[in-house]
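Trainee:
Numbering (our numbering), first residue to last: 1150 to 1290.
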């Protein structure tokens, strides 16, 4: 995926746009000069995907079966990891939006457990309940 960091006239702020989602563009004669104060690393430091904002500390325990996968990837600029004596791994990060990281966590199924924040843990639990409910029903053709 490719992203564009640009000023949004509608929201009157800098935003991260996924290029594949841009439906329409208008070429103007306006010239944009990147502010000297702009720092890409700072801009992306607390983002997960395209979300930015207030920092939320996240702690997730990952089972030893996915430890290598988690360790060998750069998921976020401020991620931290700690190996436990059990072989599991605690992944810590500060991000600005829970929705994208929630999808990431759900993608690992039972191999991960949210330790904090409680809000995210509860959202994962609620979503898992919906999954169990869906898979408890018989399939109708």
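The beta carbon of each residue, even a glycine, is placed where N, CA and C say it ideally should be.
Please say whether residue 1236 and residue 1216 have beta carbons closer to each other than 8 Å?
Mentor: Yes, they are a contact pair.
Trainee: Does the beta-carbon distance from residue 1254 to residue 1280 come in below 8 Å?
Mentor: Cβ distance not < 8 Å, so residue 1254 and residue 1280 don't count as in contact.
Trainee: Rounding to the nearest angstrom, what Cα-Cα distance links residue 1156 and residue 1164 in this structure?
Mentor: Residue 1156 and residue 1164: Cα-Cα distance of roughly 6 Å.
Trainee: In its own chain, which residues sit with a C-beta less than 8 Å from the C-beta of residue 1152, not counting the 5 before and 5 after it?
Mentor: Answer for residue 1152: 1165, 1166, 1167, 1168, 1199, listed in chain order.
Trainee: Alpha carbon to alpha carbon, how far is residue 1250 from residue 1226? Give it in angstroms, no decimals.
Mentor: In a straight line, the C-alpha of residue 1226 is about 14 Å away from that of residue 1250.
Trainee: Whose CA, out of 1203, 1240, 1183, lies closest to the CA of residue 1292?
Mentor: The first residue shown for the chain is 1150 and the last is 1290, placing residue 1292 beyond what the model contains.
Trainee: Hey, residue 1266 and residue 1205: beta-carbon distance below 8 Å or not?
Mentor: Result yes, Cβ atoms of residue 1266 and residue 1205 sit closer than 8 Å.
Trainee: Which ranges would you report for the alpha helix (DSSP H) in the segment 1195-1270 if only whole runs of at least 4 residues count?
Mentor: Listed in chain order, they are 1216-1220, 1247-1256.
Trainee: Helix or strand or just coil, what does DSSP make of residue 1279?
Mentor: Helix, per DSSP.
Trainee: Report the three-state DSSP secondary structure of residue 1167 (helix, strand or coil).
Mentor: In the structure shown, residue 1167 sits in a strand (DSSP, three-state: E or B).
Trainee: Report all residues from its chain with a CB closer than 7 Å to the CB of residue 1214; omit the five preceding and five following residues, and keep chain order.
Mentor: Cβ neighbours of residue 1214 beyond the five flanking positions: 1260.
Trainee: For residue 1189, does the count of other Cβ atoms within 10 angstroms reach 16, so buried, or fall short, so exposed?
Mentor: Exposed, by the Cβ-count rule.
Trainee: Pull up the distance between the alpha-carbon of residue 1287 and that of residue 1243, whole angstroms please.
Mentor: Each residue's alpha carbon lies about 41 Å from the other.
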